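Number of protein chains: 2
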Amino acid sequence: MTAEEVRAPNAHQRKRHGGRSANRRRRSTGVKQLPPKTFTNKFPHLEFLSADEIESIHENSLAVIRDIGMRFMHPEAIAILKKHGAEVVPDTDLVKMDPELVLEHVAKAPASFPLRSRNPRTNLIIGADEALFCSIGSAPNCSDLDDGRRPGNFADFKKLVRLTQAFNVLSVVGGYPVEPIDLSPNTRHLRAIQTIIEETDKPFMLYSLGRARILDGLETTRRGLDITDDDFEDAAYAFTVVNTSSPLRLDGPMIEGMIEMARRNQPVVITPFTLSGAMAPATIPGALVMQNAEALASIAFLQMIRPGARCIYGSFTSNVDMKSGSPAFGTPEYVKATLASGQLTRRYKIPMRTSNACAANAVDAQAAYEAMFSLWAVLLSGTHLCKHAGGWMEGGLVASYEKFVLDAELIQQFAQIMEPLSLDADGLALDAIREVGQGGHFFGTEHTIARYETAFYSPMISDWRNFGAWTEGGSPQNAEHCNRVWKEILADFEAPPLDPARREAMEAYTKKRAEEGGADSLPRGEYA
Amino acid sequence: MTAEEVRAPNAHQRKRHGGRSANRRRRSTGVKQLPPKTFTNKFPHLEFLSADEIESIHENSLAVIRDIGMRFMHPEAIAILKKHGAEVVPDTDLVKMDPELVLEHVAKAPASFPLRSRNPRTNLIIGADEALFCSIGSAPNCSDLDDGRRPGNFADFKKLVRLTQAFNVLSVVGGYPVEPIDLSPNTRHLRAIQTIIEETDKPFMLYSLGRARILDGLETTRRGLDITDDDFEDAAYAFTVVNTSSPLRLDGPMIEGMIEMARRNQPVVITPFTLSGAMAPATIPGALVMQNAEALASIAFLQMIRPGARCIYGSFTSNVDMKSGSPAFGTPEYVKATLASGQLTRRYKIPMRTSNACAANAVDAQAAYEAMFSLWAVLLSGTHLCKHAGGWMEGGLVASYEKFVLDAELIQQFAQIMEPLSLDADGLALDAIREVGQGGHFFGTEHTIARYETAFYSPMISDWRNFGAWTEGGSPQNAEHCNRVWKEILADFEAPPLDPARREAMEAYTKKRAEEGGADSLPRGEYA
Numbered sequence: 029m030t031a032e033e034v035r036a037p038n039a040h041q042r043k044r045h046g047g048r049s050a051n052r053r054r055r056s057t058g059v060k061q062l063p064p065k066t067f068t069n070k071f072p073h074l075e076f077l078s079a080d081e082i083e084s085i086h087e088n089s090l091a092v093i094r095d096i097g098m099r100f101m102h103p104e105a106i107a108i109l110k111k112h113g114a115e116v117v118p119d120t121d122l123v124k125m126d127p128e129l130v131l132e133h134v135a136k137a138p139a140s141f142p143l144r145s146r147n148p149r150t151n152l153i154i155g156a157d158e159a160l161f162c163s164i165g166s167a168p169n170c171s172d173l174d175d176g177r178r179p180g181n182f183a184d185f186k187k188l189v190r191l192t193q194a195f196n197v198l199s200v201v202g203g204y205p206v207e208p209i210d211l212s213p214n215t216r217h218l219r220a221i222q223t224i225i226e227e228t229d230k231p232f233m234l235y236s237l238g239r240a241r242i243l244d245g246l247e248t249t250r251r252g253l254d255i256t257d258d259d260f261e262d263a264a265y266a267f268t269v270v271n272t273s274s275p276l277r278l279d280g281p282m283i284e285g286m287i288e289m290a291r292r293n294q295p296v297v298i299t300p301f302t303l304s305g306a307m308a309p310a311t312i313p314g315a316l317v318m319q320n321a322e323a324l325a326s327i328a329f330l331q332m333i334r335p336g337a338r339c340i341y342g343s344f345t346s347n348v349d350m351k352s353g354s355p356a357f358g359t360p361e362y363v364k365a366t367l368a369s370g371q372l373t374r375r376y377k378i379p380m381r382t383s384n385a386c387a388a389n390a391v392d393a394q395a396a397y398e399a400m401f402s403l404w405a406v407l408l409s410g411t412h413l414c415k416h417a418g419g420w421m422e423g424g425l426v427a428s429y430e431k432f433v434l435d436a437e438l439i440q441q442f443a444q445i446m447e448p449l450s451l452d453a454d455g456l457a458l459d460a461i462r463e464v465g466q467g468g469h470f471f472g473t474e475h476t477i478a479r480y481e482t483a484f485y486s487p488m489i490s491d492w493r494n495f496g497a498w499t500e501g502g503s504p505q506n507a508e509h510c511n512r513v514w515k516e517i518l519a520d521f522e523a524p525p526l527d528p529a530r531r532e533a534m535e536a537y538t539k540k541r542a543e544e545g546g547a548d549s550l551p552r553g554e555y556a
Numbered sequence: 029m030t031a032e033e034v035r036a037p038n039a040h041q042r043k044r045h046g047g048r049s050a051n052r053r054r055r056s057t058g059v060k061q062l063p064p065k066t067f068t069n070k071f072p073h074l075e076f077l078s079a080d081e082i083e084s085i086h087e088n089s090l091a092v093i094r095d096i097g098m099r100f101m102h103p104e105a106i107a108i109l110k111k112h113g114a115e116v117v118p119d120t121d122l123v124k125m126d127p128e129l130v131l132e133h134v135a136k137a138p139a140s141f142p143l144r145s146r147n148p149r150t151n152l153i154i155g156a157d158e159a160l161f162c163s164i165g166s167a168p169n170c171s172d173l174d175d176g177r178r179p180g181n182f183a184d185f186k187k188l189v190r191l192t193q194a195f196n197v198l199s200v201v202g203g204y205p206v207e208p209i210d211l212s213p214n215t216r217h218l219r220a221i222q223t224i225i226e227e228t229d230k231p232f233m234l235y236s237l238g239r240a241r242i243l244d245g246l247e248t249t250r251r252g253l254d255i256t257d258d259d260f261e262d263a264a265y266a267f268t269v270v271n272t273s274s275p276l277r278l279d280g281p282m283i284e285g286m287i288e289m290a291r292r293n294q295p296v297v298i299t300p301f302t303l304s305g306a307m308a309p310a311t312i313p314g315a316l317v318m319q320n321a322e323a324l325a326s327i328a329f330l331q332m333i334r335p336g337a338r339c340i341y342g343s344f345t346s347n348v349d350m351k352s353g354s355p356a357f358g359t360p361e362y363v364k365a366t367l368a369s370g371q372l373t374r375r376y377k378i379p380m381r382t383s384n385a386c387a388a389n390a391v392d393a394q395a396a397y398e399a400m401f402s403l404w405a406v407l408l409s410g411t412h413l414c415k416h417a418g419g420w421m422e423g424g425l426v427a428s429y430e431k432f433v434l435d436a437e438l439i440q441q442f443a444q445i446m447e448p449l450s451l452d453a454d455g456l457a458l459d460a461i462r463e464v465g466q467g468g469h470f471f472g473t474e475h476t477i478a479r480y481e482t483a484f485y486s487p488m489i490s491d492w493r494n495f496g497a498w499t500e501g502g503s504p505q506n507a508e509h510c511n512r513v514w515k516e517i518l519a520d521f522e523a524p525p526l527d528p529a530r531r532e533a534m535e536a537y538t539k540k541r542a543e544e545g546g547a548d549s550l551p552r553g554e555y556a
């Protein structure tokens with residue numbers, strides 16, 4: 029689809045049918061995307077802090093683990109930690125570890141590992157120079173321009189999962205895009221994972237909300253993907269995110285998730301929830317000391333569960349708005365914390381997770397610039413897994429359909445920037461320069477005509493009409509183009525085929541578990 | 029002004045007076061800016077092409093100058109070029125030069141030079157690690173949310189000049205922010221420069237639209253700043269931009285500007301107008317070969333006028349929208365061309381000019397993401413002078429008041445990113461971490477309270493209220509916050525004091541020149 033074609037239907041619909049609602053009934057002519065391919069990050073790492081400064085954060089975070097300690101709020105964790113030589117303050121779950129003990133175990137984490145899905149062509153790597161982008165996870169609300177903001181529900185859940193499948197630049201389903209609160213809490217996880225497996229063929233996230241839910245998630249994964257525990261050994265198919273309950277606590281449901289995932293060698297993303305000024309000190313270096321202490325202590329614990337357990341170091345450090353206490357994202361402080369975290373994770377040779385974060389309430393200039401500060405930091409920090417890369421708004425409180433399209437556009441443009449230039453004779457174009465000479469025009473040359481369709485990136489949502497044509501077209505804001513695109517994509521959606529036997533196997537399990545009473549009602553962990 | 033204070037008046041005004049117009053009558057409480065200071069670019073240069081690839085562009089561009097040649101459309105230029113050994117095709121203005129001749133003269137350009145203004149504290153450098161940001165130049169139209177889009181005029185010219193003075197992150201007046209077409213064409217330049225000198229104390233740009241205008245500009249500068257030709261030798265006070273008339277032409281009015289500016293050692297920015305697919309080949313390497321050929325040939329000519337002449341290599345290469353032929357900016361291609369241009373200018377050790385370019389029609393997400401692609405490329409390329417850094421819209425056809433504020437916000441955030449982190453004991457915050465312990469909160473600690481006001485960057489326009497408060501406040505889009513900020517800034521504006529004798533000296537000159545008939549009616553050059 030050319031830029032003109034993208035625009036024309038919208039203007040047309042507005043004139044003929046008088047508004048947005050008409051768009052819903054129209055079949056799309058197809059949104060032009062970049063082809064699916066691995067996103068290799070060609071940006072050099074931006075070394076924001078000096079080596080000495082990184083060393084100082086490293087050493088101070090080890091001092092925190094040694095002298096102040098962290099609570100591991102589960103008896104199984106305490107037993108494992110004791111067994112491996114950690115000091116447990118008597119009659120408490122407060123654990124202190126010597127730097128040598130921490131580093132000995134952190135060193136066992138692999139620098140990279142394969143990530144697969146039910147699509148046999150999927151052959152991703154977490155680590156190296158690969159950058160993987162996930163859809164938004166865990167939003168309690170969703171919104172679009174037509175129907176506004178509303179609590180999460182299963183219908184929106186499904187549509188947002190389909191958008192994740194449809195966008196080639198997103199390679200991972202990063203959790204429930206929105207919480208389907210109309211599903212029963214005790215079986216919600218079963219229905220949610222089954223839906224993700226049915227509607228997508230991308231790797232996905234399981235929630236560490238206690239032993240029952242993570243075991244149900246793993247079993248549904250095995251049945252839906254028709255894989256065994258041996259397959260889990262070969263590669264990651266699903267991952268979980270463990271947020272610390274900052275400052276310096278790891279709660280029970282998360283610990284159970286870590287234990288079950290590590291035992292099957294499925295990766296655990298350890299993401300300290302260190303918002304500077306709230307759960308972490310009101311300085312970025314202080315928040316990084318806290319983040320690093322919680323990450324290293326948790327990763328060491330994970331490696332005690334299973335040496336060599338696949339894991340990812342999550343950086344989520346940002347600042348709060350000091351006037352209101354609410355989290356701010358895509359800020360200068362977020363950029364600095366993300367760049368420094370890249371340096372820390374490289375020091376430990378552990379893959380890194382960050383987020384495409386923003387705090388905006390609307391898909392306006394603020395949403396775009398906060399996302400762009402985040403995304404440049406994501407890529408310049410050497411991130412391997414970018415969570416919340418499509419659709420995240422209001423600091424994670426909303427999954428926005430329009431923001432989803434905006435983010436996909438931005439990531440596509442980064443992918444295009446990473447595409448190398450061809451400096452062969454055709455690329456250098458000396459013959460064309462000679463042919464046109466002084467004062468001529470390149471528009472009609474053979475050199476230009478030959479690459480008319482492919483020369484430049486063609487955006488999905490940028491409106492490049494001149495002011496007159498744009499005004500005649502109803503002066504659409506960028507968010508309105510995003511609105512049109514997600515409708516076209518959903519109208520065209522077809523789920524990747526799934527063997528009916530696998531669906532039946534998942535359904536049988538769900539039925540059995542529902543009869544047993546579903547998951548225990550364990551408390552929900554922090555988001556992110 | 030705190031984030032809350034920024035927001036409160038707006039919501040308040042809306043309720044009491046019911047709309048934007050009320051804002052006009054209100055005196056501002058002051059917009060919080062970062063203090064004026066030099067912007068040192070701490071980002072490492074992003075080497076986008078390999079050294080071999082840069083060498084290939086270099087060599088091919090020299091081949092273009094040697095084999096295809098460039099038209100220098102003024103007899104004085106031809107005489108100067110001939111005298112220095114260039115080959116002029118008989119009975120034409122087509123000039124060819126050997127690589128050795130080109131490089132011998134290009135090598136004479138200085139790597140950096142001082143830039144001053146009528147404010148004796150101004151002590152800028154063009155070159156080294158300094159990044160200077162200019163206001164928009166040369167827009168034929170202007171716009172704001174209240175009155176829409178309109179042709180340039182002197183009242184808007186003056187207001188936009190005042191915004192340039194008011195924003196600390198803008199250190200240079202980058203030309204006429206909008207063309208004041210209600211002023212007589214023959215004396216417009218005199219009134220325009222006098223107004224810039226009266227309303228600002230920042231260095232500024234003179235237009236190379238023929239000998240008369242550039243000489244008038246220099247004389248007005250001398251009178252308004254009370255400086256002599258000797259002062260011009262010591263430092264740059266004003267600069268001019270020379271656009272080639274691509275492909276491979278330099279027109280007469282521009283050449284006269286180059287000659288007069290070089291004779292007074294005031295800097296010339298050489299900016300080839302190489303839009304890939306229109307005036308340059310439809311490949312970025314081809315467009316870069318063209319850009320580099322035109323830049324090197326023009327810089328060599330400038331050094332023949334005066335060895336060691338201060339100059340700046342301008343990179344403006346972007347692509348056109350192939351479907352409409354209109355220029356596109358802030359694209360992946362623009363990012364690549366800008367990064368590669370940084371490598372080329374470093375090869376020649378000549379300061380670099382780029383732009384904060386965008387093609388959007390509205391101050392929406394597109395305007396923000398195009399600006400953010402541009403600005404990251406500006407900073408990662410090692411740009412020294414960023415033109416059109418505040419207010420540029422529609423590929424330069426509009427100076428937008430709201431975009432002006434948006435851009436200032438973005439540049440402030442970059443300045444904040446460049447601020448080093450303090451890793452002393454207070455920054456690392458170990459005592460605060462110990463005090464709060466496990467599961468506590470940092471909000472009430474002494475460590476947090478001590479840095480309550482200063483811990484984090486406080487944006488001018490980001491809306492960080494929660495969804496409920498934002499909705500109650502009228503659900504403002506980011507552009508509406510920009511609208512409020514420029515009004516507050518203009519309401520508070522006070523021009524820096526100017527000795528009345530200097531004003532009289534400028535006015536006397538304008539009067540004399542008007543009586544003589546003003547400037548010749550020379551054709552206006554290309555924009556950019």
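Those protein sequence lines, which keep their order, are chains W and U.
With my numbering applied, the first sequence covers 29 to 556.
With my numbering applied, the second sequence covers 29 to 556.
Every residue, glycine too, gets a C-beta built ideally from N, C-alpha and C.
In this text, all values refer to a predicted model and were calculated from it rather than measured experimentally.
Query                                                                                                                         : Result
Simplified DSSP state of N347/W, which is helix, strand or coil                                                               : strand
Range covered by the alpha helix (DSSP H) that runs through M101/U                                                            : Neither: M101/U is in no alpha helix (DSSP H) and is coded neither H nor E.
A135/W Cβ short of 6 Å to the ligand ZN heavy atom set                                                                        : As for the ligand ZN, it is missing from this structure, which has no ligand bound.
Sequence-distant residues of its chain with Cβ nearer than 7 Å to D257/W (five each side left out)                            : R292
Cutoff 8 Å; reference I489/W; Cβ partners in own chain excluding five residues on either side                                 : V34, V433, L434, E437, N506, H509, C510 and V513
Run of the alpha helix (DSSP H) containing R250/U, from where it starts to where it stops                                     : R239 to L253
Any C-beta of chain U under 7 Å from that of D174/W                                                                           : no
Beta-carbon neighbours of L451/U, restricted to chain W and to distances below 7 Å                                            : E81, S84 and P313
P281/U in three-state terms, based on DSSP                                                                                    : helix
N- and C-terminal bounds of the alpha helix (DSSP H) containing G176/W                                                        : G176/W -> not in any alpha helix (DSSP H); beta strand (DSSP E) instead, spanning G176 to P179.
Per-residue DSSP class, three states only, for K124/U                                                                         : strand
Close beta carbons around R531/W, own chain, < 7 Å, minus the five adjacent residues each side                                : E226
Nearest-angstrom Cβ-Cβ length linking F71/W and L407/W, presumed shorter than 8 Å                                             : 5 Å
Against chain U: residues of the segment 221-232 of chain W by CB proximity under 7 Å                                         : none
Neighbour-count burial assignment, E430/W, 16 or more Cβ in a 10 Å radius                                                     : buried
Cβ of A483/W within 7 Å of any chain C Cβ                                                                                     : The chain inventory of the structure shown lacks chain C, comprising the protein chains W and U.
Helix, strand or coil at P355/W according to DSSP, with G and I counted as helix                                              : strand
The segment 197-205 of chain W / the segment 520-530 of chain W touching (three or more Cβ pairs under 8 Å)                   : no
Helix, strand or coil at R531/U [DSSP, three-state]                                                                           : helix
N- and C-terminal bounds of the alpha helix (DSSP H) containing P313/W                                                        : I312 to I333
Minimum Cβ-Cβ distance from I93/U to chain W less than 7 Å                                                                    : no
Touch test, the segment 127-147 of chain U against the segment 351-362 of chain U, Cβ-Cβ under 8 Å, three pairs minimum       : no
Inter-stretch contact (C-beta, 8 Å, three-pair minimum) for the segment 457-475 of chain W and the segment 308-319 of chain U : yes
Proximal residues to N181/W (C-beta, below 7 Å), its chain only, five neighbours per side dropped                             : P208, I209 and D210
Opening and closing residue of the alpha helix (DSSP H) in which T476/U lies                                                  : E474 to A478
For P142/U, three-class secondary structure by DSSP                                                                           : strand
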